[in-house]
Amino acid sequence: MSVPSGSEGAGPSKPKPIAIITIGMAGAGKSTFVQRINSYLHSLNPPKPPYILNLDPAVTRVPFEANIDIRDTVNYQEVMKQYNLGPNGGILTALNLFTTKFDQVLNLVEKRAESVDYVILDTPGQIEIFTWSASGAIITDAVASSLPAVVAYIIDTPRTTAPATFMSNMLYACSILYKTKLPFILVFNKTDVQRHDFALEWMQDWEAFQAALATHGGTRDSEGEPTYMNSLMNSMSLVLDEFYKHLKAVGVSSMTGAGIKEFFDAVDASRTEYETEYLPELERARKARDKSLQDAKDDSMNRLMKDLAVDRQKNPEAFSRDQWDEDDNDDADDEGGDINIIDRSDDPYPGPGGEYIDLTRPRNENINWPRPG
Ligand SMILES: Nc1nc2c(ncn2[C@@H]2O[C@H](COP(=O)(O)OP(=O)(O)OP(=O)(O)O)[C@@H](O)[C@H]2O)c(=O)[nH]1
Ligand SMILES: [Mg+2]
Numbered sequence: 001m002s003v004p005s006g007s008e009g010a011g012p013s014k015p016k017p018i019a020i021i022t023i024g025m026a027g028a029g030k031s032t033f034v035q036r037i038n039s040y041l042h043s044l045n046p047p048k049p050p051y052i053l054n055l056d057p058a059v060t061r062v063p064f065e066a067n068i069d070i071r072d073t074v075n076y077q078e079v080m081k082q083y084n085l086g087p088n089g090g091i092l093t094a095l096n097l098f099t100t101k102f103d104q105v106l107n108l109v110e111k112r113a114e115s116v117d118y119v120i121l122d123t124p125g126q127i128e129i130f131t132w133s134a135s136g137a138i139i140t141d142a143v144a145s146s147l148p149a150v151v152a153y154i155i156d157t158p159r160t161t162a163p164a165t166f167m168s169n170m171l172y173a174c175s176i177l178y179k180t181k182l183p184f185i186l187v188f189n190k191t192d193v194q195r196h197d198f199a200l201e202w203m204q205d206w207e208a209f210q211a212a213l214a215t216h217g218g219t220r221d222s223e224g225e226p227t228y229m230n231s232l233m234n235s236m237s238l239v240l241d242e243f244y245k246h247l248k249a250v251g252v253s254s255m256t257g258a259g260i261k262e263f264f265d266a267v268d269a270s271r272t273e274y275e276t277e278y279l280p281e282l283e284r285a286r287k288a289r290d291k292s293l294q295d296a297k298d299d300s301m302n303r304l305m306k307d308l309a310v311d312r313q314k315n316p317e318a319f320s321r322d323q324w325d326e327d328d329n330d331d332a333d334d335e336g337g338d339i340n341i342i343d344r345s346d347d348p349y350p351g352p353g354g355e356y357i358d359l360t361r362p363r364n365e366n367i368n369w370p371r372p373g
């Protein structure tokens, strides 16, 4: 397999585990989904127990055994009290505090890299706390730069059947895809309540979505013109068409377990995508950052040199008093260096007539040195 190995050195090494980052609107079923994929992995033969991280500080009960639980590190109720915050500020601050220790989390995960195939992250209920916070970005980037990673975007299918809701959910997913640039799986959850065929149809067939929009009423105002909402959605759906090409979509029921195998097929397929698209992009981004740092340094050095040249033109007299004047520079050049290191070896000794004075011996025994007292 052309997959990066979990360890270098002796012995056949297994591929690195894949990190599954579950993200989704409040109540979409993230935690139930994590519990379901956990039980699926345990039920395999041989079982493949995953390594699970719970990043939701506010959850009272998680339906799975988390290996690392943010609640063991920060008490979100205390954070709310101490910092005088509301519930969302409390969750965000708790996540920020936890992120300061994330290097330790990564160490623990890396220690287990040889024995697990999947690392699963459950994120806080309020999607924007994870997707639009600095700590969410730090956690995602840190995980994705040490392990192959994939975003599982959980969608509450029964709540997405209206075209407008569907589109806002897809636009949100689109923004996360472009933010993380990671392989992305749309997980239509709760298919036991509502099948997801309509969503697949809308994603594959732009005209079917247009038709659905039209049948949802309110597409024309009283003068027969398309309503603002309708024309906005028409243009947005064109944007989304491009977005749909970059993702996989599966329908699952976290309640019954339907579709979970297909989900893992999509996860396993994402590994190649991570290696061929995300990693080179990460490398490019690193190089670009190094280059822009170097450019900034070069730029400030150039400006410094220009300023010095202008100073010199404006005030030649002051410049000539400068110890770094032309003559000194010439000397330095002559001696093959650009720093003024003075070599005194050819200077005459300071004694009368240039003779050597041995300072360790008294020169004139007859000198009457003043004595104390
Ligand atoms: N019918 C059905 N209900 C589901 C399914 N998945 C989750 N639920 C229900 O949806 C509700 C929310 O599920 P959670 O797993 O707590 O959702 P969550 O996204 O983790 O919620 P927060 O973390 O609080 O935002 C619960 O009542 C679940 O029982 C499913 O596949 N089918
Ligand atoms: Mg949850």
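Mapping of the sequence shown onto the UniProt record's numbering: residues 1 to 373, in sequence order.
For glycine and all other residues, C-beta sits at the position ideal for the given N, C-alpha and C.
Everything numeric in this text was worked out from a predicted model, so none of it was measured.
Within a 10 Å sphere around the beta-carbon of Val310 sit fewer than 16 other beta-carbons, which makes this residue exposed. Judged by beta-carbon spacing, Leu182 lies beyond the 9 angstroms limit of Ala134, meaning their Cβ atoms are not closer than that value.
In this structure, Asp192 lies near Met255, with their beta-carbon atoms less than 9 angstroms apart. Between the beta-carbon of Leu97 and that of Val74 there is about 5 angstroms, and that keeps the pair under the 8 angstroms contact cut. In the three-state DSSP reduction, Lys181 falls in the coil class, being neither helix nor strand.
For Asp298, the uninterrupted alpha helix (DSSP H) segment begins and ends at 279–314. With a cut-off of 8 angstroms, the C-beta of Asn96 is classified as distant from ligand 1, since no heavy atom of the ligand falls inside that distance. In this structure, the CA atom of Met25 is about 31 angstroms from the CA atom of Arg286. Here the distance from the Cβ of Ala26 to the nearest heavy atom of ligand 1 is below 8 angstroms. About 11 angstroms separates the beta carbon of Thr161 from that of Asn169, a gap too long to meet the 8 angstroms contact definition. Counting along the chain, the unbroken alpha helix (DSSP H) around Gly89 starts and ends at 87–99. Taken through DSSP and simplified to helix, strand or coil, Tyr244 comes out as helix. Annotation: Pro87 to Met80 spans about 7 angstroms, alpha carbon to alpha carbon. Shown here for Leu53: same chain residues with a beta carbon closer than 6 angstroms to its own, the five before and five after excluded, namely Ile68, Leu121 in chain order. Looking at the DSSP output, Asn54 shares a beta bridge with Asp69, Asp122. Restricting attention to Ile70, Gln82, Glu110, Glu78, the CA atom closest to the CA of Thr100 is found in Ile70. In this structure Pro63 is in contact with Gln35, their Cβ atoms being roughly 4 angstroms apart against a cut-off of 8 angstroms.
In the three-state reduction of the DSSP assignment, Asn189 falls in the strand class. For Asp205, there is no enclosing beta strand (DSSP E), as DSSP marks it with neither H nor E. By the Cβ rule, the segment 198–218 does not count as touching the segment 302–309, because fewer than three pairs are nearer than 8 angstroms. Contact between Val151 and Tyr51 is ruled out by a C-beta separation of about 18 angstroms, above the 8 angstroms threshold. Not one heavy atom of ligand 1 is found less than 8 angstroms from the C-beta of Gly136.
Taking Ser43 as the centre and dropping the five residues before and after it, the same chain places no C-beta closer than 7 angstroms to its C-beta. Listed in chain order, the non-local C-beta contacts of Arg112 below 7 angstroms within the same chain comprise Tyr51, local neighbours out to five positions each way being set aside. Shortest Cα-Cα distance from Asp141 to any of Asn315, Ile20, Thr272 involves Ile20. No residue range can be given for Tyr83, since it is assigned to no beta strand (DSSP E) and is classified by DSSP as neither H nor E. In this chain, the alpha helix (DSSP H) harbouring Val109 covers 102–111.
Pairing Asp265 with Arg271, the inter-Cα distance amounts to about 10 angstroms. Under the criterion of beta carbons closer than 8 angstroms, Ala28 and Asp197 do not qualify as touching, at roughly 19 angstroms. About 12 angstroms separates the Cβ atoms of Val267 and Gly259, ruling out a contact at the 8 angstroms cut-off. The set of residues with CB atoms less than 7 angstroms from any heavy atom of ligand 2 reads, in chain order, Lys30, Ser31, Asp56, Val59, Asp122, Gly125. Straight across, the Cα-Cα distance linking Lys261 with Ile37 is about 9 angstroms. Using a cutoff of 8 angstroms, the CB of Thr161 does not count as near ligand 1, since none of the ligand's heavy atoms is closer than that. Its chain contains Lys30, Thr123, Ile127, Phe130, Thr131, Val151, Ala152, Tyr153, Ile154, Ile176 as the residues whose beta carbon lies nearer than 8 angstroms to that of Ile23, once the 5 sequence neighbours on both sides are disregarded; these appear in chain order. With 16 or more other Cβ atoms inside 10 Å of its own Cβ, Asp56 counts as buried. Within the segment 114–165, complete alpha helix (DSSP H) segments of at least 4 residues are found at 127–131, 134–146, given in chain order.
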